[in-house]
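Trainee: Encoded as C-alpha cells, here's the structure I'll be asking about.
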Amino acid sequence: MLSNQWKSLHLGLWELVFKVMDEGSITRVADMNSIQRSRLSRLISSLEEETGHRLLERQGRKLEPTMAALELRAKIEPMISDIRKALEAERENADSDKGGIRFGAMPGFLQTQVVPLIAEFQKRHPQVSFDVIGDDDPKAFMGGQTDLMLYYGPVNSANLVENWVTRSLFVPCASPKYLKEAGSPTSPEELVNHSGVIYTGRVRPHSDVMEKNGRVQTFRWKSMIRFNNILLAKTAAVEGCGIVLDMPLHHCFDEIMEGKLVPVLNGWRIPNLDNYIGATLAASKLRRVQMFIDFYVRRRREIEGEQKRRLQEKYSFIV
1 MLSNQWKSLH LGLWELVFKV MDEGSITRVA DMNSIQRSRL SRLISSLEEE
51 TGHRLLERQG RKLEPTMAAL ELRAKIEPMI SDIRKALEAE RENADSDKGG
101 IRFGAMPGFL QTQVVPLIAE FQKRHPQVSF DVIGDDDPKA FMGGQTDLML
151 YYGPVNSANL VENWVTRSLF VPCASPKYLK EAGSPTSPEE LVNHSGVIYT
201 GRVRPHSDVM EKNGRVQTFR WKSMIRFNNI LLAKTAAVEG CGIVLDMPLH
251 HCFDEIMEGK LVPVLNGWRI PNLDNYIGAT LAASKLRRVQ MFIDFYVRRR
301 REIEGEQKRR LQEKYSFIV
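The letter at position 207 of the sequence shown is residue 207 when you use full-length UniProt numbering, and the numbering goes up by one with no holes.
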C-alpha cells in the first residue's frame, strides 16, 4: 500500500504512469495490472499535485504525455531499468547457489572429518545438496563421477582445477599398553624389534623410509598386521597391536590428547604429503562449488593448524 506522502519516490508508480503514456489509456493499464481504474487515476493526480506538473493531457480519445512528463521519464526510467537489472542479477546469483555437488573422498576421512564440515556448510547454505561417494581409490571418483574430490596430490590433470589445502602430518604412535610391554623405539633401526600396524589402502603411496632433519632411513618390522582401512588400523594401534607409522594427525589427535596413543621415534616420521581438493573444469565454474572449496580450505587449515599447535606443545620433537 502506498503512503499518502512522497508518491513521487515510488518508482513502481512511475512505471505505471509510463505505461499509461505508452497505452494512452488509464483504463487499459489499470485492467492489465489488476488495479481499480479510479485508484490509478487518483494516484496519477496525486503525482501531478506533488510534482507541480500536469503529466497527461487528453487529445481526442487518447491520453498524451506533457513535456514535463517526457522530461521526468527520461530521468526516471533509466533508474527503474538499473534497479530491475540489479534485482535480476541478484536473483541469478542466488539461483546459481542452488543445486547439488557430487563429492568424492576417502571413507575414513569422510566419516570423521568431512561429514561434520558438510553439515556445517549446509547450515549456512541449505540450498546446496550433496551426493557423496566414499572410496579408498581416488581413481574411482576422478573419472567424471564427481564434481569435487579430495586426494593427495597434485595429480596435474588437465581435467581438474586443483586447490592446495594443507600438508599432511603423519604421526608414528602406539598405545601406552604396547610401549610398556615392548619399549619405545627412538630410531627406525629399532623397529626390527617391534610389531607394525600397516595401512595398505589405495588412498596414497606408502613409504618404506622415514626421515628426520634431512636424513632418510629404511626400516623393517619383526611382525606386521595389515589393514586396508585407516580407522581399523587406528583401532588396532589403540588396542596394543603395535606401532603405526603413518597415522594422519587428524585421525589420531583426539587419541593422543586423551592418552590412548603416544607419539614415538623422537621426530622420525614418514614423509609428508600434500592434501588437495579438486574440481572438474565444468564444476569449477559453479558458484556453489567455489563457495564450498573456499569454506573447506579455510576450515581445514584452521582445524589442522590448531591440532598441530597443540600437539607440538605436548611433544616438541614433532615438526
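Using N, Cα and C, we set each Cβ at its ideal position, and we do this for glycine too.
Can you grab the Cα-Cα spacing for the pair Leu231 / His251, in whole Å?
Mentor: Spanning the two alpha carbons is a distance of roughly 8 Å.
Trainee: Answer with buried or exposed for Asn163, where buried requires no fewer than 16 other C-beta atoms within 10 angstroms of its C-beta.
Mentor: Result: buried.
Trainee: Is Ala236 near Val197, with beta carbons less than 8 Å apart?
Mentor: Against a cut-off of 8 Å, the Cβ pair of Val197 and Ala236 comes out as a contact.
Trainee: Less than 8 Å between the beta carbons of Val17 and Leu55, yes or no?
Mentor: For Val17 and Leu55, yes; Cβs fall inside 8 Å.
Trainee: In whole angstroms, what is the alpha-carbon distance linking Pro276 and Asp137?
Mentor: Note on residue identity: the sequence assigns Tyr, not Pro, to residue 276. Their backbone Cα atoms lie some 15 Å apart in a straight line.
Trainee: May I have the straight-line CA-CA distance separating Phe227 from Arg220, to the nearest angstrom?
Mentor: Roughly 17 Å separates the two Cα atoms.
Trainee: Please report the residue range of the alpha helix (DSSP H) in which Glu239 lies.
Mentor: Here Glu239 belongs to no alpha helix (DSSP H), and DSSP marks it neither H nor E.
Trainee: By DSSP, does Trp14 sit in helix, in strand, or in coil?
Mentor: Trp14: helix per DSSP, three-state reduction.
Trainee: In whole angstroms, give me the CA-to-CA distance for Leu169 and Ile293.
Mentor: Computed Cα separation, rounded: 21 Å.
Trainee: Could you check which residue in Leu40, Leu148, Val216 and Thr200 has the C-alpha nearest to that of Met224?
Mentor: It is Thr200 whose Cα lies nearest to the Cα of Met224.
Trainee: Counting only the same chain and skipping the five closest in sequence on each side, list residues whose C-beta sits under 7 Å from that of Ala94.
Mentor: In this predicted model, Ala94 has a pLDDT of only 46, less than 50, meaning its place in the structure is not dependable; the value taken from the coordinates is given anyway. Excluding sequence neighbours, Ala94 sits near nothing in its chain.
Trainee: May I ask which residues mark the beginning and end of the alpha helix (DSSP H) holding Met257?
Mentor: Here the alpha helix (DSSP H) through Met257 covers Leu249 to Met257.
Trainee: Please classify Thr218 as buried or exposed, where buried requires at least 16 other C-beta atoms within 10 Å of its C-beta.
Mentor: Answer is exposed; the Cβ neighbour count stays below 16.
Trainee: In whole angstroms, what is the alpha-carbon distance linking Thr280 and Met142?
Mentor: Their Cα atoms are separated by approximately 9 Å.
Trainee: So, residue 333 versus Leu245, is the Cβ gap smaller than 8 Å?
Mentor: In this structure the chain extends from 1 to 319, so residue 333 is not present and cannot be described.
Trainee: Got a sec, what are the start and stop residues for the alpha helix (DSSP H) Leu40 sits in?
Mentor: Start and end: Arg37 to Thr51.
Trainee: Among Phe317, Val297 and Asp22, which one has its Cα closest to the Cα of Lys62?
Mentor: Answer by Cα proximity: Asp22.
Trainee: Quick one: residues in its chain with C-beta nearer than 6 Å to the C-beta of Pro65, no 5 flanking neighbours on either side, listed in chain order?
Mentor: Taken in chain order, the residues that qualify are Met21.
Trainee: Kindly list the residues whose CB is nearer than 7 Å to the CB of Cys241, restricted to its own chain and excluding five residues on each side of it in sequence; keep chain order.
Mentor: Contacts found: Ser195, Val197 and Ile225.
Trainee: Determine whether the beta carbon atoms of Met106 and Gly144 lie at a separation below 8 Å.
Mentor: No, the Cβ-Cβ distance between Met106 and Gly144 is not below 8 Å.
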